[in-house]
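2 protein chains.
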Amino acid sequence: MSVHVSERSVRRLSLYRRFLLHAQASGSCYLFSHDIATATRTSAAQVRRDLMAISSSGTASRGYHVADLLKSISHFLDAPAPQHVALIGLGNLGRAVFAYFVGRHPNLRITLTFDIDPAKTCRLINGCPCHNIHELNDLCPTHGIRMAILTVPATEAQTVTDMLVRGGIRGIVNFAPVTLYVPVGVFVETMDFSISLETAAFFSRA
Amino acid sequence: MSVHVSERSVRRLSLYRRFLLHAQASGSCYLFSHDIATATRTSAAQVRRDLMAISSSGTASRGYHVADLLKSISHFLDAPAPQHVALIGLGNLGRAVFAYFVGRHPNLRITLTFDIDPAKTCRLINGCPCHNIHELNDLCPTHGIRMAILTVPATEAQTVTDMLVRGGIRGIVNFAPVTLYVPVGVFVETMDFSISLETAAFFSRA
DNA sequence: CCCTTGCTGTGAATGATTTCACGGTGTGAA
DNA sequence: TTCACACCGTGAAATCATTCACAGCAAGGG
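Going line by line, the protein sequences match chains A and B. Take the first sequence: its position 204, counted from the start at 1, is 204 in the working numbering, and no numbers get skipped. Take the second sequence: its position 187, counted from the start at 1, is 187 in the working numbering, and no numbers get skipped.
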């Protein structure tokens, strides 16, 4: 288990899991690697390798047992207990992300939100209390939060990131169109619309 | 110019450009490859390679001329004329994306939006007409639209994608948490919250 | 029971991407 | 003018990721 699994494999495993959940819901009990592959736009060999990496195994001429596989992947990907997540910035995007999030990730819970606007703080948003951003340093450690979603304006992103890092956050999903500076050991996942848009624009031309 | 440039290089070039615009705005005239590298979290050698790929060049002991570099990158990345973009789905996320988009990409313009909800269609949203989704097939070709942003529910994503492909779209930025099937030649950029979130959650644990 | 089929698991090969390392060059100082 | 320096451009090496290809095996048919 302690073997190194690459970031890309982790991403694909997450994809496989999503597909497997759908497949299970529609009654599949066994699946071949190429079924998973076509559903997630990859190759059968890739699927087998990824599954090998988390030492789950299938049987020849029957394939992988969906329920077992889900258990393996979840055991690998998920923390033993649900992880708590902070959401920073409750503008349009922050609220849309929150709404999207709800009910979709049983193992991840947005338990705290922060904003700098006094009109938003001290109220419940989606049933979750919104605090002033300056309480971040205190609240994150006491709530055992190690992960944050950042939906603040680009100009504030680095400042808030520094606060998050000081508050003990080790993983950040950043929606602001800036490159964040973080110390080693802090993982940043950038959801960069601008870059994605421009990339798609580029490749949409023959 | 017709040399092959990898997808990753294109992404980085887009990042470089964003940084260069900031740098130019704050008065930089020349920059070294390692300046660009630290600002975009990559290596100096990587920057030089990427810039080499689009055959822009710097001078020793002065570095790259920011204005020239911007011109080269934009010449490489951008279409000769602004590209028109369709936005499909005007729920929370769609509107947030639209709001985010406005004024940020001079070379990309959202000129048409679509939804299936009659309450939304036939009205202006952000000064842009919203049409019923069934007009998609007619309107995209007549407006010369080759690129779309997809912010519809996951259940509808594939159906709408098929319509888009039939309407001649060649690039899709997909926000729905599903894997889309498209014919070869159509580029799909997936902005997948779920996967990013789970990946960050995974790596936020030691 | 034996043969055929089509799958998994995996070493080896290939391909893609990044980094190394160094020649060549322009700049500023002595 | 000459020297030292630091940078760019780039072949070569190293690293990382994916695909190939095949041994071994389980299941079903005759």
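Glycine included, each C-beta is placed from N, C-alpha and C at the ideal position. Just so we're clear, the structure is a prediction, and the values are computed from it rather than from any experiment.
Candidates A/L87, A/L21 and A/P106, of which the one nearest A/A157 by Cα = To locate residue 157 of chain A, count along the first sequence from 1; it is residue 157. Of A/L87, A/L21 and A/P106, the smallest CA-CA separation from A/A157 is found for A/L87.
Cross-chain neighbours of B/A202 in chain A, by beta carbon under 7 Å = Within the second sequence, the letter at position 202 stands for residue 202 of chain B. In the sequence under discussion, the amino acid at residue 202 of chain B is Phe, which differs from the Ala named in the question. Within chain A, the residues near B/F202 are V10 and L77.
Measure from the alpha carbon of B/A45 to the alpha carbon of each residue in B/H34, B/I54 and B/V160, then state which is nearest.
-> Numbered from its first residue, the second sequence carries residue 45 of chain B at position 45. When B/H34, B/I54 and B/V160 are compared, the shortest CA-CA separation from B/A45 is found for B/H34.
Burial state of A/D117, where buried means 16 or more other Cβ atoms lie within 10 Å = Position 117 of the first sequence, counting from 1, holds the residue named residue 117 of chain A. Exposed, since its Cβ has fewer than 16 Cβ neighbours within 10 Å.
Could you tell me the boundaries of the alpha helix (DSSP H) in which B/H34 lies?
-> As a position in the second sequence, residue 34 of chain B is number 34, starting the count at 1. Note, B/H34: alpha helix (DSSP H), S33 to A39.
What residue range is occupied by the uninterrupted alpha helix (DSSP H) comprising A/M52?
-> By one-based count along the first sequence, residue 52 of chain A stands at place 52. For A/M52, the enclosing alpha helix (DSSP H) stretches over residues A44 to A53.
Is A/A206 buried or exposed, if buried means 16 or more other CB atoms sit within 10 Å of its CB?
-> For the purposes of this step, residue 206 of chain A is identified with residue 206 of the first sequence, where counting begins at 1. Under this definition A/A206 is an exposed residue.
Rounded to whole angstroms, what's the CA-CA distance from A/S14 to B/Y100? Just pull it up for me.
-> On the first sequence, residue 14 of chain A is found 14 positions in, with the first residue counted as 1. On the second sequence, residue 100 of chain B is found 100 positions in, with the first residue counted as 1. Rounded to the nearest angstrom, the two C-alpha atoms are 28 Å apart.
Out of curiosity, what's the CA-to-CA distance linking B/C140 and B/P129?
-> Sequence index remark: in the second sequence, residue 140 of chain B carries index 140 (1-based). Sequence index remark: in the second sequence, residue 129 of chain B carries index 129 (1-based). Looking at the two C-alpha atoms, the distance is approximately 13 Å.
B/M147 - containing beta strand (DSSP E), residue span = For this step, residue 147 of chain B is matched to residue 147 along the second sequence. Looking at the DSSP string, the run of the beta strand (DSSP E) that includes B/M147 is M147 to L150.
Determine the direct distance from the alpha carbon of A/S28 to that of A/Y64, and round the result to whole angstroms.
-> On the first sequence, residue 64 of chain A is found 64 positions in, with the first residue counted as 1. On the first sequence, residue 28 of chain A is found 28 positions in, with the first residue counted as 1. Linking A/Y64 to A/S28 through their CA atoms gives a straight-line distance of about 11 Å.
Give, in chain order, every unbroken run of the beta strand (DSSP E) that is at least 3 residues long and sits entirely within the region 56-134 of chain B.
-> Counting whole runs of 3 or more residues, the region 56-134 of chain B contains the beta strand (DSSP E) stretches 83-88, 108-115 and 128-132.
B/V165 versus B/F187, B/P177 and B/R41, residue with shortest Cα-Cα distance | Numbered from its first residue, the second sequence carries residue 165 of chain B at position 165. Of B/F187, B/P177 and B/R41, the residue nearest in Cα terms is B/F187.
Would A/E156 count as contacting chain B if we go by Cβ distances under 8 Å?
-> Position 156 of the first sequence, counted from the first residue, corresponds to residue 156 of chain A. No, A/E156 lies away from the interface with chain B (no Cβ there is under 8 Å from its Cβ).
Measuring only between beta-carbons, confirm whether A/T121 sits less than 8 Å from chain B.
-> Here residue 121 of chain A is taken as the residue at index 121 of the first sequence, counted from 1. At a cut-off of 8 Å, the C-beta of A/T121 has no neighbouring C-beta in chain B.
Interface residues of chain A around B/M191 at Cβ under 8 Å?
-> Along the second sequence, one-based indexing puts residue 191 of chain B at 191. Neighbours of B/M191 on chain A, chain order: M191, F193 and S196.
Identify which residue in A/S57, A/H84, A/L93 and A/L112 has its Cα closest to the Cα of A/A154.
-> For the purposes of this step, residue 154 of chain A is identified with residue 154 of the first sequence, where counting begins at 1. Residue A/L93 holds the alpha-carbon nearest to the alpha-carbon of A/A154 among A/S57, A/H84, A/L93 and A/L112.
Which partner residues of A/V165 appear in the DSSP bridge assignment?
-> As a first step, residue 165 of chain A must be located in the first sequence, where it is residue number 165. In the DSSP assignment, A/V165 forms no beta bridge with any residue.
Check the Cβ-Cβ distances between A/T113 and every residue of chain B, and say whether any is below 8 Å.
-> In the first sequence, residue 113 of chain A corresponds to position 113, counting from 1. Not an interface residue.
Which same chain residues, not among the five before or five after B/Q83, have their C-beta less than 8 Å away from its C-beta?
-> As a working note, residue 83 of chain B is residue 83 in the second sequence. Here the set comprises N107, L108, R109, R146 and M147.
Do we get a CB-CB distance below 8 Å when we pair A/A96 with the residues of chain B?
-> On the first sequence, residue 96 of chain A is found 96 positions in, with the first residue counted as 1. Yes, contact with chain B.
If B/V173 and B/L150 are in contact, beta carbons under 8 Å, what's the gap, nearest whole angstrom?
-> Within the second sequence, residue 173 of chain B is the residue found at index 173, counting from 1. Within the second sequence, residue 150 of chain B is the residue found at index 150, counting from 1. That belief holds up - the Cβ atoms of B/V173 and B/L150 are roughly 7 Å apart, short of 8 Å.
Could you check if A/K71 is buried or exposed, using at least 16 other CB atoms within 10 Å of its CB as the buried criterion?
-> For the purposes of this step, residue 71 of chain A is identified with residue 71 of the first sequence, where counting begins at 1. Exposed.
Go ahead and pull the three-state DSSP assignment for A/V10.
-> To locate residue 10 of chain A, count along the first sequence from 1; it is residue 10. Shown here, A/V10 sits in a helix according to DSSP, grouped into three states.
For the region 26-49 of chain A, which residues have a beta carbon sitting closer than 7 Å to at least one beta carbon of chain B?
-> Answer set for the region 26-49 of chain A: A39, T40 and R41.
Check A/V188 in the structure and name its three-state DSSP category.
-> Residue mapping note: residue 188 of chain A aligns to position 188 of the first sequence, counting from 1. Here A/V188 sits in strand by DSSP.
From A/Q24, A/T111 and A/S43, pick the residue whose C-alpha is nearest to that of A/D68; which is it?
-> Here residue 68 of chain A refers to the residue found at position 68 of the first sequence. That would be A/Q24, whose Cα lies nearest to the Cα of A/D68.
Give the secondary structure of A/V160 by DSSP, where H, G and I count as helix, E and B as strand, and everything else as coil.
-> For the purposes of this step, residue 160 of chain A is taken as the residue at position 160 of the first sequence. Note: A/V160 maps to helix in three-state DSSP.
Using a beta-carbon distance cut-off of less than 8 Å, what residues from the region 147-174 of chain B approach chain A?
-> Residues passing the 8 Å Cβ filter: M147, I149, I169, R170, G171, I172 and V173.
What's the C-alpha gap between A/L197 and B/F98?
-> Taking the first residue of the first sequence as 1, we reach residue 197 of chain A at position 197. Taking the first residue of the second sequence as 1, we reach residue 98 of chain B at position 98. Separation of A/L197 and B/F98 (C-alpha to C-alpha, rounded to the nearest whole angstrom) is 12 Å.
Selected residue, minimal CA-CA separation from B/R17, among B/R95, B/T40 and B/R170 | Taking the first residue of the second sequence as 1, we reach residue 17 of chain B at position 17. Answer by Cα proximity: B/T40.
Does DSSP put B/Y16 in a helix, a strand or coil?
-> The residue you call residue 16 of chain B lines up with position 16 of the second sequence. In the structure shown, B/Y16 sits in a helix (DSSP, three-state: H, G or I).
At least one CB of chain A closer than 8 Å to the CB of B/Y100: is that the case?
-> Start at 1 with the first residue of the second sequence, and residue 100 of chain B comes out as number 100. Output row for B/Y100: interface = yes.
Minimum Cβ-Cβ distance from A/R62 to chain B less than 8 Å = On the first sequence, residue 62 of chain A is found 62 positions in, with the first residue counted as 1. For A/R62, the closest Cβ of chain B is not nearer than 8 Å.
For A/G171, write down the residues that DSSP places opposite it in a beta bridge.
-> Residue mapping note: residue 171 of chain A aligns to position 171 of the first sequence, counting from 1. Answer is A/M147 and A/F187.
Over the uninterrupted alpha helix (DSSP H) stretch that includes A/L209, give me the two end residues.
-> Outside the displayed span of chain A (1 to 206) sits residue 209 of chain A, for which this structure offers no information.
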